[in-house]
Structures are given as structure tokens and as C-alpha cells.
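Numbers given in the working numbering equal positions in the sequence shown, counted from 1, plus 5.
Even for Gly, the Cβ is constructed at its ideal location relative to N, Cα and C.
What you are looking at is a predicted structure, and each value in this text was computed from that prediction instead of being measured.
I have placed the structure first, in the form of C-alpha cells, so that the comments after it can refer back to it.
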Amino acid sequence: ALVDRLTSTSTSTSTSTSTSTGREAWLARWRRGDALVQREVVSVLASHGFSEGAVVRHTVRALPAGGLLMLGNSLPIREVDCFSSAADAPGLAGVLSQRGAAGIDGLIAGAAGAATASARPVTLLIGDVSFLHDVGGLAACTALTTPLAIVVLHNDGGRIFEQLPVARVPGIDLAPWTTPHGLALAPAAALYGLAHVRVDDAAGLDAALAAAHTRAGATVIEARVPPSGAATLQRELAARVAAACTGESFQP
6 ALVDRLTSTS TSTSTSTSTS TGREAWLARW RRGDALVQRE VVSVLASHGF
56 SEGAVVRHTV RALPAGGLLM LGNSLPIREV DCFSSAADAP GLAGVLSQRG
106 AAGIDGLIAG AAGAATASAR PVTLLIGDVS FLHDVGGLAA CTALTTPLAI
156 VVLHNDGGRI FEQLPVARVP GIDLAPWTTP HGLALAPAAA LYGLAHVRVD
206 DAAGLDAALA AAHTRAGATV IEARVPPSGA ATLQRELAAR VAAACTGESF
256 QP
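See below:
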């Protein structure tokens with residue numbers, strides 16, 4: 006996304022030839038670095054099967070033209086930034102986010118409000134703890150006529166804490182932070198009479214997204230991924246990008 010903004014900026018009128026040349030050289034370095042990272046992202050995702058990164062990438066690429074993407078806090082917003090680019094959703098009308106008093110509260114109700122107010126298809130990408138925190142918000146989805154795809158990254162807890170300094174404390178019990186719950190989400194959707202699909206692979210996710218984007222009302226898509234997969238994926242990607250950058254020069 007940054008490279009996209011830089012590209013737009015570079016087309017503005019230059020005050021001098023030297024300034025324009027310097028700007029283009031600077032932008033070329035950003036583009037080269039971005040292409041390097043994108044190659045490593047594709048490679049890492051291919052080696053991890055149905056991961057959180059794969060769910061994010063498939064979800065963004067499936068966004069309907071003119072639709073809105075709403076991002077949950079903690080991991081989802083970071084993972085979209087890491088594993089996707091603006092080129093993955095050229096017809097996207099906008100990206101929404103909100104942060105409640107407890108950070109993750111009210112996301113489902115907020116997405117329902119966005120779908121109602123905009124009359125555009127909305128895709129909400131959130132974690133399972135965020136979903137459970139606002140499960141009552143599903144009541145706001147029952148009267149929707151606009152498509153709302155609620156994609157839940159179900160990794161059985163708040164796994165962002167596995168990537169924070171607390172995870173490196175020797176002998177630490179992370180359960181009070183990650184709060185694993187072992188719950189399935191289908192009963193919550195059924196309580197409110199909403200469509201629900203559990204997916205365990207990319208093909209199932211693609212099919213569920215295609216259906217949700219054309220179905221009036223809300224669909225809960227429960228994407229089951231490995232519990233600690235996000236931390237593993239991020240560490241491997243960081244290592245591979247660092248290795249790929251060896252010998253590369255991004256300096257003027």
C-alpha cells in the first residue's frame with residue numbers, strides 16, 4: 006500500500022529534472038524491496054497450507070468490486086498489512102476499522118451498521134476472541150439485506166500475545182493472555198438464524214466467500230487455522246526476508 010501511495014506521489018509535477026530523477030530512483034528502490042517481500046510472502050504461504058496468512062490473502066482477493074473491508078484489531082489488521090497489497094483488491098471502495106473501550110468490542114455490530122449505512126457488501130475479518138466478545142452484535146445482523154461476510158480467524162484464542170515480549174519470559178503460562186476457549190461458532194450463528202460455514206482449506210474458503218458476497222444478510226465463515234500458526238508464520242517470513250535482503254542495496 007505504501008508503494009502504491011508513493012507511485013501516485015511520483016506522478017506529480019516536479020520542480021526540476023534533478024528532483025524528478027532523485028524521486029524516481031528513490032521510488033525504484035521501494036518497488037524493488039516491495040517485490041522482494043512479496044516473493045517471500047508467496048513462498049512462505051505456499052509452504053504452510055491453510056494458514057492465517059492464506060485466509061487473509063484469499064479473503065482480500067475475493068472482495069467484491071465496490072465493497073468495503075472492515076478489519077478487526079490485534080492480528081487481523083496486521084496480517085492484512087503483511088500478507089496483502091492494494092493490488093489484491095483493485096475495486097475495493099474502502100477499508101474500515103474501529104476500536105472500542107476494550108479494543109475488540111463492538112466489531113460485529115459496527116460491521117452491520119456499515120453495511121446498513123453504505124448499502125454496500127461488507128467483509129469483516131476478525132479473530133475468534135473478537136467474535137465471542139461481540140457475539141450479541143449478531144442480533145444487529147438479523148435484519149440485514151446487504152451481504153455481510155463475517156470471516157473469523159479461528160485460532161482458539163488471542164494469539165497476538167505469542168508475538169509480544171511476554172511470550173519470551175522463561176516458564177511463562179500464556180493461557181491468561183491467549184484465553185483459549187475451545188468453542189465452535191456454529192451455535193452462535195444458529196441462535197440468531199444466520200448462515201454459517203466452517204472451512205478448513207482454501208477451496209472451501211473461496212466457495213464460502215463467493216456465496217456470502219451474493220447472499221442477502223450475514224454469513225459467518227469460521228476459518229479454522231493452527232492455534233500458534235501466526236507466530237510461526239511471522240517468524241519464518243521475517244527470517245526469509247532478512248536472508249533475501251542480504252547483498253541487496255536499498256540505499257541511494
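Residue i lies in the alpha helix (DSSP H); which residues open and close that run?
{"i": "V230", "result": "No alpha helix (DSSP H) contains V230, which DSSP labels as neither H nor E."}
{"i": "I113", "result": "L112 to S123"}
{"i": "A213", "result": "A207 to A217"}
Could you tell me whether the Cβ atoms of residue i and residue j are closer together than 9 angstroms?
{"i": "S89", "j": "A235", "result": "no"}
{"i": "A223", "j": "L199", "result": "yes"}
{"i": "R229", "j": "V202", "result": "no"}
{"i": "L68", "j": "L97", "result": "yes"}
{"i": "L149", "j": "A120", "result": "yes"}
{"i": "P5", "j": "V127", "result": "Outside the displayed range of the chain (6 to 257) lies residue 5, so it cannot be described from this structure."}
{"i": "A154", "j": "L214", "result": "yes"}
{"i": "L76", "j": "G99", "result": "no"}
{"i": "L41", "j": "C250", "result": "yes"}
{"i": "H63", "j": "L238", "result": "no"}
{"i": "P231", "j": "P185", "result": "no"}
{"i": "L179", "j": "H138", "result": "no"}
{"i": "G108", "j": "N78", "result": "yes"}
{"i": "C87", "j": "L210", "result": "no"}
{"i": "R83", "j": "I177", "result": "no"}
{"i": "V225", "j": "A194", "result": "yes"}
Provide the residue span of the beta strand (DSSP E) that contains residue i, from first to last.
{"i": "T128", "result": "V127 to G132"}
{"i": "L74", "result": "L73 to L76"}
{"i": "A159", "result": "The question names Ala, but residue 159 in the sequence shown is His. Residues L153 to H159."}
{"i": "G99", "result": "G99 to S102"}
{"i": "V204", "result": "A200 to V204"}
So residue i and residue j are supposed to be a Cβ contact under 8 angstroms. How far apart are they, rounded?
{"i": "V157", "j": "E227", "result": "5 angstroms"}
{"i": "R66", "j": "D93", "result": "5 angstroms"}
{"i": "A59", "j": "A207", "result": "6 angstroms"}
{"i": "T147", "j": "E167", "result": "Contact flag wrong, Cβ pair sits at about 35 angstroms."}
State yes or no: is the C-beta of residue i nearer than 8 angstroms to some heavy atom of the ligand GDP?
{"i": "H201", "result": "With respect to the ligand GDP, the structure offers nothing, as it holds no ligand at all."}
- Item | Three-pair Cβ contact test at 8 angstroms for the region 160-167 versus the region 131-146 | Yes, since at least three Cβ pairs between the region 160-167 and the region 131-146 fall closer than 8 angstroms, the two stretches touch.
- Message: So, does the region 96-116 touch the region 43-54, judging by three or more C-beta pairs under 8 angstroms?
- Response: Result no; under three Cβ-Cβ pairs closer than 8 angstroms.
- So, do the region 172-179 and the region 107-120 have three or more beta carbon pairs nearer to each other than 8 angstroms? No, because fewer than three Cβ pairs between the region 172-179 and the region 107-120 fall closer than 8 angstroms, the two stretches do not touch.
- Message: Which runs of the alpha helix (DSSP H) at least 4 residues long sit entirely within the region 169-195? Give them in chain order.
- Response: Those alpha helix (DSSP H) runs which fall completely within the region 169-195 and span 4+ residues are 180-183.
- Starting from the N-terminal side, write out each stretch of the beta strand (DSSP E) that is 3 residues or longer and does not extend beyond the region 29-80. Within the region 29-80, the complete beta strand (DSSP E) runs of at least 3 residues are 73-76.
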